[in-house]
Amino acid sequence: MPERLLVEIGCEEIPARMVEDLARQFAAHLSRRLQEQGLLDPGMNATVAWTPRRLMFVAEEVVERQPTTEEEVTGPPIKVSVAADGAWTPQAVGFAAKNGLPPTALYRLTNAKGEYVAVKKSAGGAGAATILAAAIPAALGEIQLPRSMKWQTSFRFIRPIRWLVVLLGSHPVPVKLGEVASGNESRGHRSLGTARFHVNSSAEYPALWHANHVIVEPEQRRERIRARCAGARPDAALEDTLVNLTEFPDAIKGGFDSKYLESLPAEVLVTVMRDHQKYFAVEDQSGALAPHFIAVINQASDREGLIRHGNERVLRARFSDAEFFWQADRKLTLAERLPKLEAVTFQAKLGSYRAKAARMKSLAEWLAGRWTECDRDLAATAAELAKCDLTCETVKEFPELQGVIGGHLARAEGRPEQLAIAIADQYAWERPPRTREGAVVSLADKLDTIVGMFSIGEQPTGSADPFGLRRQANGVVRTLIEMQWPLALAQACAQAGQGDEIALAAFFRERLAFYLTDSAGFRYDFVAAVLAVEGGADVPLQAFRRCAALAAAPDMAAVAAVVKRAGNIVRKEKWTSVEVNRALLTHPSEAALYERVAGLTSGDYAQELKEISGLAEPLKAFFDQVRVNDADPAIRANRLSLLAWAVARLSRIADFSEIVVA
Amino acid sequence: MNFQDLILGLQSFWAGQGCIVQLPFDLEVGAGTMAPETFLRVLGPQPYRVVYPQPSRRPADGRYGENPNRVYKHLQLQVVLKPSPEDVQELYLQSLAAIGIDLSAHDIKFEEDNWEAPTLGAWGLGWQVMLDGLEITQFTYFQQCGGQDLNPISVELTYGLERIGAFLQDVDSIYAMRWNDQFSYRDVRFLDELHHSVYNFEKADITRLWATFEGCEGESRSLLTQFRELPAEARGNFPLLAAYELCLRCSHTFNLLDARGAISVTQRVGLIQRVRTWAVGIAGAWLEQQGSGAPHA
Chain A
1 MPERLLVEIG CEEIPARMVE DLARQFAAHL SRRLQEQGLL DPGMNATVAW
51 TPRRLMFVAE EVVERQPTTE EEVTGPPIKV SVAADGAWTP QAVGFAAKNG
101 LPPTALYRLT NAKGEYVAVK KSAGGAGAAT ILAAAIPAAL GEIQLPRSMK
151 WQTSFRFIRP IRWLVVLLGS HPVPVKLGEV ASGNESRGHR SLGTARFHVN
201 SSAEYPALWH ANHVIVEPEQ RRERIRARCA GARPDAALED TLVNLTEFPD
251 AIKGGFDSKY LESLPAEVLV TVMRDHQKYF AVEDQSGALA PHFIAVINQA
301 SDREGLIRHG NERVLRARFS DAEFFWQADR KLTLAERLPK LEAVTFQAKL
351 GSYRAKAARM KSLAEWLAGR WTECDRDLAA TAAELAKCDL TCETVKEFPE
401 LQGVIGGHLA RAEGRPEQLA IAIADQYAWE RPPRTREGAV VSLADKLDTI
451 VGMFSIGEQP TGSADPFGLR RQANGVVRTL IEMQWPLALA QACAQAGQGD
501 EIALAAFFRE RLAFYLTDSA GFRYDFVAAV LAVEGGADVP LQAFRRCAAL
551 AAAPDMAAVA AVVKRAGNIV RKEKWTSVEV NRALLTHPSE AALYERVAGL
601 TSGDYAQELK EISGLAEPLK AFFDQVRVND ADPAIRANRL SLLAWAVARL
651 SRIADFSEIV VA
Chain B
1 MNFQDLILGL QSFWAGQGCI VQLPFDLEVG AGTMAPETFL RVLGPQPYRV
51 VYPQPSRRPA DGRYGENPNR VYKHLQLQVV LKPSPEDVQE LYLQSLAAIG
101 IDLSAHDIKF EEDNWEAPTL GAWGLGWQVM LDGLEITQFT YFQQCGGQDL
151 NPISVELTYG LERIGAFLQD VDSIYAMRWN DQFSYRDVRF LDELHHSVYN
201 FEKADITRLW ATFEGCEGES RSLLTQFREL PAEARGNFPL LAAYELCLRC
251 SHTFNLLDAR GAISVTQRVG LIQRVRTWAV GIAGAWLEQQ GSGAPHA
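From first to last, the protein sequence lines are chains A and B. So that you can map any letter, position 203 of the first sequence is 203 in the working numbering, and since no number is skipped, the others follow by simple counting. So that you can map any letter, position 116 of the second sequence is 116 in the working numbering, and since no number is skipped, the others follow by simple counting.
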């Protein structure tokens, strides 16, 4: 009778950022193996669940035994299989043995090709226990682990495995993972549940775990966290972490001295709460930070208030430390910090941050000069001062706030707000800079880093990108597109330094393609078509607009097909001339095609594409009615030139040969 | 609970688990891991269990006794369990109960924290243990030490004694902790912090420190070279422990130079690499010398 299979791999705390992925990988590998072995119907979905201490897998209707199949295996021809005395030859006996059968299983078989020896081999029929004993360790071994460890034997996993429950219905299935043998004993929440509890049957999942204060279902933990964190500033990443850091979550609300709301930048408060303490920040009705926090605990309640008291104590110490640093940092101005950057190395071969600041300044001047309504002096000053906060204690304590702290220092020393914003927005990982000057500083920083690294041979290779250059280039592309800045990258890179132009162009092209497909969501073949146009990746904003126009255009499949056909002819003939002699356009269809193409709109992508889509008909008419291979070589040449010219003219927005026609 | 009772309580708990109660290592170290009782004991096959408090000196963290939580010399309680026992997390939680922490009234989390000491060629995976939002212990399964893959695997528990003590006594400054019934942490330690902060940041003689660094390094390297030149059968009583201690002196001298601002960024990377190669060399030599035998034979 089919039964419910329950697998629980009990571990010491698996890192929160990995546990979901590991649980899902394990479930996918195990499901696949059970389906391949015929234990699990491919239509049945397995349930995957996890907590920091366990990966759970539950599958319904797992059969106790594989179905048996019988297969006829044909062996050697009868003439080499039967000896003169009528006995089986060693060759025939060997064939039987190879199939795991005795000679008595051999029989004669006649088919279209002649007479052979054969056996009937039965496959399958293995018990679920046998299959599980191999499939569970194999599925676990298939998981891609970011970094594994040993704890006792040579067995490796993300963290030590301490118990294993495998139950098919009420039958414990013996499985071994390293030194851990399966049993029917699970473990409860560390302080709320029973240390070890007995599982009689897989039917007791999940109620028995709940009774031991283990909420195995991540979504239920998420709901509990949401319900208990009312008023918290939403933070999806933090919520995920907390779901994966608790077995039985509750939340406490704590407070801190409201003087810190005045004395410390809000980003410092939030960084301490969110990144260091994993607390949710709390906002007041106006959306400003309130002097409260919400901490998610792995505990049923804080009945004595000790947990709140302890967390408040820790936060107070951290804020008091940060306040000390911040006050000390304000004793020097950004300009006074500039010479100190001499002592901070940017990269051994590229010099100090002082040198980088000088390069950023001149690049910012050049960039700002190429953009309307951009304050060139302000952008240049902001670029020069952008890295000065690296010498601050606050930044040493909170490196993720580099730039943000510089912005606050600029404001505190009475510099213009626009300058503070431009410094603060230099990274702009989560949103583009707020101002054009900020975008200039951000680009000057990133282009200097990228071109500099390429110039010393430190470009990313394969999965290795130690300096995060891909992320930097993503930032450049996104800023240019989202702030609608039609900057040409090749020229800007040349301004930033001596890098390998071809490698840089290919690198940015790849990042632009990534943005257009992954962030902007354009069809990959549209992106390929747009980037295939010569120079089509150099101005990211134009590439984006051409993609957008393609996405909004009427169906281009028909025209794409005929343009592709025209292109093929031109390519096959290796035809390069695009000089069309109008006097030689003898056939009305070719004359009509010429007029339509020559009359195309230029500059308005949407209009142009609309007109191009209307060219499917004249192109088809040309192919249907006009013979390119005319007897007169002059006419033939003119027709090839007409096609080459038309293909070139039609391919300014996109190379239609890249578009996938269904 | 007085501060000294915390130390005594943890020592006594781990003594009950078969740990040798060792005294603090008598040279300046930046962390309990650097003491030979951890660094060398985790190498090789011999089982070992040890607990010791270890004053850990980090010159750059000195604050003239003015910061309520940061000190030049903080106290760690170091536990090494080799091989790692199956119930090591439970034992650890029992140790907290032994110093009066009622786990049912507090929030304990094991949060991912992978430990690495580049100068020691050592790394491990584990957690920082959080008690009501306070990091109280580094819990590490050592994977490599001195560049050597470890087998068996040791667990290292490093308790931050000041943090736990201030938590237990519910004070906002570690200086306000009672050390015993009569003396506070301030009474015992303040001058230590003040004098060493002045020395580390203002007075330490950079030229002499460099001379010390180079002298210790030269002697230690020379010892290592001599060891390598000896035939295998003559290596048994060669003083590798002395070579290691000289390496530790360099490490501390390096930290002092760093606190004095005497090490540039480029120099720093080079020096860390130099100390690492050398510590790895000593660990390799030590393993070779001890063979498969007992380091404590």
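Where a beta carbon is used, it is the ideal one built from N, C-alpha and C, also for glycine. The structure displayed is predicted, hence computed values, not measured ones.
Just how far apart, CA to CA, sit residue i and residue j?
i	j	result
E71/A	S170/A	34 Å
P669/A	A96/A	The structure shown does not extend to residue 669/A, since chain A is modelled only from 1 to 662, so the question has no answer here.
Y159/B	R511/A	46 Å
G293/B	G284/B	Any reading at G293/B must be qualified, since the residue scores a pLDDT of 49, below 50, and its modelled position is unreliable; the value itself is stated next. Their Cα atoms are separated by approximately 14 Å.
G270/B	M273/A	36 Å
A295/A	L269/A	14 Å
T241/A	V19/A	10 Å
F454/A	Q472/A	13 Å
Q17/B	T38/B	17 Å
A279/B	R221/A	47 Å
D538/A	A646/A	24 Å
I659/A	F526/A	6 Å
D187/B	V71/B	15 Å
E217/B	A230/A	59 Å
F139/B	T253/B	28 Å
R274/B	E214/B	12 Å
L541/A	R159/A	47 Å
M360/A	L367/A	10 Å
Taking 9 Å as the threshold (beta carbon to beta carbon), is residue i in contact with chain E?
i	result
R249/B	Included in the structure are the protein chains A and B, with no chain E among them.
Please identify the residue among the options whose C-alpha is closest to the C-alpha of residue i.
i	options	result
F622/A	L585/A, Q607/A, I653/A and G599/A	L585/A
A357/A	E617/A, Q327/A, W371/A and D389/A	D389/A
A382/A	T372/A, V395/A and S362/A	S362/A
A123/A	Q66/A, A105/A, W151/A and G114/A	Q66/A
S56/B	G291/B, A31/B and S197/B	A31/B
V79/B	G44/B, S154/B, Q144/B and A117/B	S154/B
G43/A	W50/A, L34/A, A49/A and T51/A	L34/A
E135/B	N69/B, T119/B, L194/B and T253/B	N69/B
W151/A	Q144/A, I143/A and I161/A	I161/A
V628/A	P554/A, A648/A and R565/A	R565/A
E397/A	A648/A, A634/A, R53/A and F324/A	F324/A
K121/A	A134/A, G127/A, A105/A and N111/A	A105/A
Could you check where the beta strand (DSSP E) with residue i kicks off and where it finishes?
i	result
G124/A	G114 to G124
I252/A	D250 to G255
F142/B	L134 to C145
P540/A	Careful: P540/A lies outside any beta strand (DSSP E), inside the alpha helix (DSSP H) at P540 to A552.
K73/B	K73 to K82
Where does the unbroken alpha helix (DSSP H) through residue i begin, and where does it stop?
i	result
H189/A	Looking at the DSSP string, H189/A is not in any alpha helix (DSSP H), and its letter there is neither H nor E.
F26/A	V19 to E36
Y515/A	Segment: none, Y515/A is in no alpha helix (DSSP H) and carries neither H nor E.
T372/A	Unbroken run through T372/A: none, as it is neither H nor E.
F623/A	A616 to Q625
H587/A	Counting along the chain, H587/A falls outside any alpha helix (DSSP H), and DSSP gives it neither H nor E.
E262/A	K259 to S263
T305/B	With chain B represented from 1 up to 297, any question about residue 305/B goes unanswered, as that position is not in the structure.
Mind reading off the beta-carbon distance from residue i to residue j? Whole number of angstroms is fine, and I expect it under 8 Å.
i	j	result
Q128/B	D113/B	4 Å
V173/A	L208/A	So it is not a contact: roughly 18 Å between Cβ atoms.
T394/A	A322/A	7 Å
E437/A	C493/A	Contact flag wrong, Cβ pair sits at about 21 Å.
R24/A	V48/A	6 Å
A654/A	A529/A	4 Å
A513/A	L531/A	6 Å
By the 8 Å beta-carbon criterion, what residues does the segment 96–121 of chain B contribute toward chain A? L103, S104, A105, H106, D107, I108, K109, F110, E111, E112 and N114
By the 8 Å beta-carbon criterion, what residues does the segment 53–84 of chain B contribute toward chain A? N67, P68, N69, R70, P83 and S84
May I ask you to list, following chain order, the residues of the segment 315–344 of chain A that have a beta carbon less than 8 Å from some beta carbon of chain B? L315, R316, A317, S320, D321, F324, A343 and V344
Counting only Cβ-Cβ distances shorter than 7 Å, please list the residues of the segment 249–280 of chain A near chain B, keeping chain order. Q277
Taking a cut of 8 Å between CB atoms, which residues from the segment 215–233 of chain A lie near chain B? none
What are the residues of the segment 135–150 of chain B that lie near chain A, defined by any Cβ-Cβ distance shorter than 7 Å? Y141 and Q143
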